[in-house]
Each structure stands twice: as structure tokens, then as C-alpha cells.
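Below: the structure, in C-alpha cells.
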Amino acid sequence: MPAQILDGKKIAAEVRAEVKEEVSRLKAEGINPGLAVVLVGEDPASQVYVRNKHRACEEVGIYSEVHRLPAATSQAELLKLIDKLNKDPKIHGILVQLPLPDHIDEKKVIDAIALEKDVDGFSPANVGNLVIGDKCFYPCTPHGCMVLLEKAGIDPKGKKAVVVGRSNIVGKPVAMMLLARHATVTICHSRTRDLAAECRQADILIAAVGKPELITGDMIKEGAVVIDVGINRVGEKKLVGDVHFESAAQKAGWITPVPGGVGPMTIAMLLKNTVEAARR
Ligand code: GUN
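Counted from 1, the sequence shown has number 584 at position 162 by the numbering used here; the numbering is strictly sequential.
Written out as C-alpha cells, the structure reads:
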């Protein structure tokens, strides 16, 4: 039987509606949640992401300011801006859009963001807290994956979860989140000996590797939940995930589409983290 669709667009709209209500409650208490987004340079994809983040904030009533800096901005200038935003009481969350130009040390910049404003959840201290199960911000994309599972009524407890990809932004944190929810977790990567055999074990399969349609239907266990984090541009217009949707949907119980799966969840979770930062 073909898989049920895990509709990220619909679920993200539900999350945004919940956030909007929470923003109203906060405002009634005199707290006006604020997000600062910093974009350095003119990367076209980043420009689109930043515009969408700003729009999403406006829609739910979060104050948002976008700092667009030229590509030639020095690291010192960027660090100075972050220091200013760290001290700005209007701003509860700071997001520096990645990637940064080559002359800027990404790690130094992320480290400079105050822990309580790190709504992206990328700082080493936040990641450390995530690993030990302490209070932290869940990075937005993996958090979105977990909310998709939750909304589909899928409890990871006792299930075999396989994460394909070991990035700091998705693979590693989502593995930790699944572990915290009592799944048995395997992380696969480019050196994994038999990726297909590992994937076939998965009750929950998270693909976050950035390789178009790497995961095919024959690699999927009957009835598995398949979450596809990949967004790969093929040719001029077509976007595909890391999963070959048509074949995978014949085997999976649930599957996310690309686009319209994990993508819309990322911004929704950013809004949620910003509101949480303001609430704290
Ligand atoms: N670039 C691509 N995805 C992200 C993200 O989630 N956060 C930031 N800051 N930059 C990104």
C-alpha cells in the first residue's frame, strides 16, 4: 500500500498558528519577542531563506530585523554587530545565516552569539546541553523532523532509527533527539559499509545527506517512516530529496514529500525557539 504523506506544509502552518497565539499571550504580559537575522553577502539561496524568515516573523507578530551586510564585511565588524545584538533587550534570538564568506571564521561567529539568544542551536554549549539532555534550543531542522514524527503519532521509543548523514546541523542533533526519545539509533555516512542493509533495518529513516535520490525503495523496510531532509536542485527547476520518492512511497508507511516536507518545518521551529527565548 502506498505510504501516507507527512505533510510538512500543513503541520508547519499548525505550528505557526500555535506560535501566533503564544506571541499574543507574551505581548499581553508586556513581552514583545524579537529576532535578528544577519546575512553577509549576496548568496541567492540565503537571500530567499532570510526573506522567508522575516516574513514568517511578521505573520505571527514577532518583531524582526534583518541586517544585510556586504560580502566584504570583516569578521571584526560582524562580531561587533553580534555583540550589540547580544546586549539589545528588543532581541531575544539571533540567527546568522550560513554559509558565511570564506574570510570569516564561522565557528568564531557562532561562538559569539549569547547562549540564551542562540535560537539556531548551533553553539557548542547548546549542542553540549542537547547531548547531555539539559535545557537547550533544538536546532530548527532536526526539531522539525521530531515534530513531524510526533504529529503523525509516531513514538520513537524502542524503535530502530537510522540517520543517513552526520552533519552538525541535522544528522548529529537529530540522532541525539531520537536517542532522548528512546529510539535505538544508527548514524550512517559516506564510509558506511552497507548503507542499504542499515537502511532496511530502520523503523524510522531520516535522510540528511545531500545526495539526490540516494535512498531507493529497495532500501526501505515495509511500513517504515521516512523523513527526507534533502533539498537537491536537479537541472534548472526540479527539486528532489535524498530519497527516491516514487519507489520509497511504495514501501514506507509514512513519507515526507520534497518540497513540502521538512523544509517548511525549519522556519516554523525557528519561530517557536524565538518565542521560547523571549519566554525565558
Ligand atoms: N543555512 C542553511 N540552513 C541554515 C539554518 O538552519 N540556519 C542558519 N543560520 N543558516 C542556515
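Just so it is clear, CB atoms sit at the ideal spot from N, CA and C, and this is done for glycine as well. Remember, predicted model here, so these are calculated numbers, not experimental data.
Measure the C-alpha to C-alpha separation of residue i and residue j and round it to an integer number of angstroms.
| i | j | result |
| --- | --- | --- |
| Glu436 | Tyr485 | 20 Å |
| Ile653 | Val680 | 7 Å |
| Ala618 | Asp640 | 8 Å |
| Lys594 | Lys509 | 30 Å |
| Lys557 | Val518 | 22 Å |
| Ile576 | Ala624 | 14 Å |
| Lys636 | Asp616 | Note on identity: in this sequence residue 636 is Leu, with Lys being the wrong assignment. Whole-angstrom Cα-Cα distance: 13 Å. |
| Gly632 | Asp664 | 6 Å |
| Lys530 | Pro424 | 47 Å |
| Asn590 | Phe544 | 8 Å |
| Asp540 | Gly685 | 20 Å |
| Arg613 | Phe667 | 24 Å |
| Leu627 | Val472 | 29 Å |
| Pro455 | Ala434 | 19 Å |
| Glu538 | Ile504 | 13 Å |
| Asp542 | Ile516 | 8 Å |
| Met687 | Asp650 | 12 Å |
| Ala699 | Ala536 | 11 Å |
| Met568 | Lys502 | 35 Å |
| Ile716 | Val462 | Past the boundaries of the shown model lies residue 716; the chain is included only from 423 to 702, so the question cannot be answered. |
| Cys610 | Val596 | 13 Å |
| Lys432 | His514 | 27 Å |
| Ala547 | Gly555 | 12 Å |
| Pro578 | Thr495 | 44 Å |
| Thr638 | Leu457 | 39 Å |
| Val586 | Gly483 | 36 Å |
| His476 | Val460 | 11 Å |
| Glu451 | Ala690 | 23 Å |
| Arg701 | Leu507 | 18 Å |
| Lys512 | Val549 | 25 Å |
First and last residue of the beta strand (DSSP E) that includes residue i?
| i | result |
| --- | --- |
| Gln644 | For the sequence presented, residue 644 should be read as Glu rather than Gln. Looking at the DSSP string, Glu644 is not in any beta strand (DSSP E), and its letter there is neither H nor E. |
| Glu487 | 485-491 |
| Ala458 | 456-462 |
| Val607 | 606-610 |
| Ile513 | First-last for Ile513: undefined, no H or E at that position. |
| Ile453 | Careful: Ile453 lies outside any beta strand (DSSP E) and carries neither H nor E. |
| Ala478 | Where Ala478 is concerned, there is no enclosing beta strand (DSSP E), although the alpha helix (DSSP H) it sits in stretches over 466-482. |
| Ala629 | 626-629 |
In terms of residues, what are the limits of the alpha helix (DSSP H) holding residue i?
| i | result |
| --- | --- |
| Leu448 | 430-450 |
| Leu520 | Per DSSP, Leu520 belongs to no alpha helix (DSSP H) and is neither H nor E. |
| Ala534 | 528-534 |
| Leu537 | That residue, Leu537, is in no alpha helix (DSSP H); it is neither H nor E in DSSP. |
| Ala619 | 617-622 |
Any Cβ of chain D within less than 8 Å of the Cβ of residue i?
| i | result |
| --- | --- |
| Arg438 | Among the chains of the structure shown, chain D does not appear; only one protein chain is present. |
Inspect the CB distances between the region 459-471 and the region 589-602 and report whether three or more fall short of 8 Å. no
Contact the region 559-579 vs the region 684-694: 3+ CB pairs below 8 Å: yes
Those runs of the beta strand (DSSP E) which lie wholly inside the region 546-601 and span at least 3 residues: 582-586
Using 8 Å as the threshold, is the region 440-449 in touch with the region 573-588, meaning 3 or more CB pairs across them? no
Any alpha helix (DSSP H) of 4 or more consecutive residues that is wholly inside the region 631-692: 667-671
Mind the definition here: the region 669-676 touches the region 644-652 only if three or more C-beta pairs lie below 8 Å; say whether that holds. yes
Using 8 Å as the cut-off, can you tell me whether the region 485-502 makes contact with the region 445-453, which would need three or more C-beta pairs spanning the two stretches below that distance? no
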